[in-house]
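Colleague: Numbering (the numbering used here), first residue to last: 3 to 151. We treat Cβ as the ideally placed atom computed from N, Cα and C, and that holds for glycine. Below: one structure in structure tokens.
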Amino acid sequence: MERLLPILARRGVRTAVIKHDVHGVSEDEAGKDSWRFRQAGAQQCILCAPGPAFPHTLSQALAQVAPVELVLVEGFKRAPIPQIGVARAANGKGFTDRPRRFLALVTDAPLDGVELPQFLPDQVEEIAAFILQHREEFLIFPHQFPPEA
């Protein structure tokens, strides 16, 4: 995400990021993801976390997004939204769901027999191009989400 944001900015795409953090850290803490996303070019970064200072659901966070061309969501792995699956062999976690659930995959261990676009983690330019070419498939709207999303 951090490497994707400057590429999108260079292409003239104003981007916001919604970050799901179950720990509820400070949104502006230097070095944390939300701070780094802003440094990388996000126009806005909304932290969705426990506590009174943060939205708790994806719908609430989406309602706070300023006018931008693209909203990237990190986390909310179970939310019914279009996603790109990410898995690295080094962390051993694998994908959060069946590969066919995603629109594309980013992995350092490509899967045979999966008929989805697959990218290596360093193919950030190609990932940005895919997102922009398939922008319509990634559209989400707040009214699509149940209250717990």
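Compare the beta carbon distance of I133 and V75 with 8 Å and say whether it is the shorter of the two.
Modeller: Here residue 133 corresponds to residue number 131 of the sequence shown, with the count starting at 1. Here residue 75 corresponds to residue number 73 of the sequence shown, with the count starting at 1. Cβ atoms of I133 and V75: not closer than 8 Å.
Colleague: If you measure between the beta carbons of Q45 and P57, is that distance less than 8 Å?
Modeller: Walking along the sequence shown from the start, residue 45 turns up at place 43. Walking along the sequence shown from the start, residue 57 turns up at place 55. For Q45 and P57, no; Cβs fall outside 8 Å.
Colleague: Could you give the first and the last residue of the continuous beta strand (DSSP E) run that contains Q125?
Modeller: Taking the first residue of the sequence shown as position 1, residue 125 is located at position 123. It is not in any beta strand (DSSP E) - Q125 carries neither H nor E in the DSSP assignment.
Colleague: So, under 8 Å CB-CB, D110 and L122 are touching, yes? Tell me the CB distance rounded to an integer number of Å.
Modeller: As a first step, residue 110 must be located in the sequence shown, where it is residue number 108. As a first step, residue 122 must be located in the sequence shown, where it is residue number 120. Sure, about 6 Å apart at Cβ, within 8 Å.
Colleague: Less than 8 Å separating the beta-carbons of E71 and R16?
Modeller: Residue 71 sits at position 69 when you count from the first residue of the sequence shown. Residue 16 sits at position 14 when you count from the first residue of the sequence shown. Yes. Within cutoff.
Colleague: I142 by DSSP, collapsed to three states: which one?
Modeller: Translated into positions along the sequence shown, residue 142 becomes position 140. Three-state result, I142: coil.
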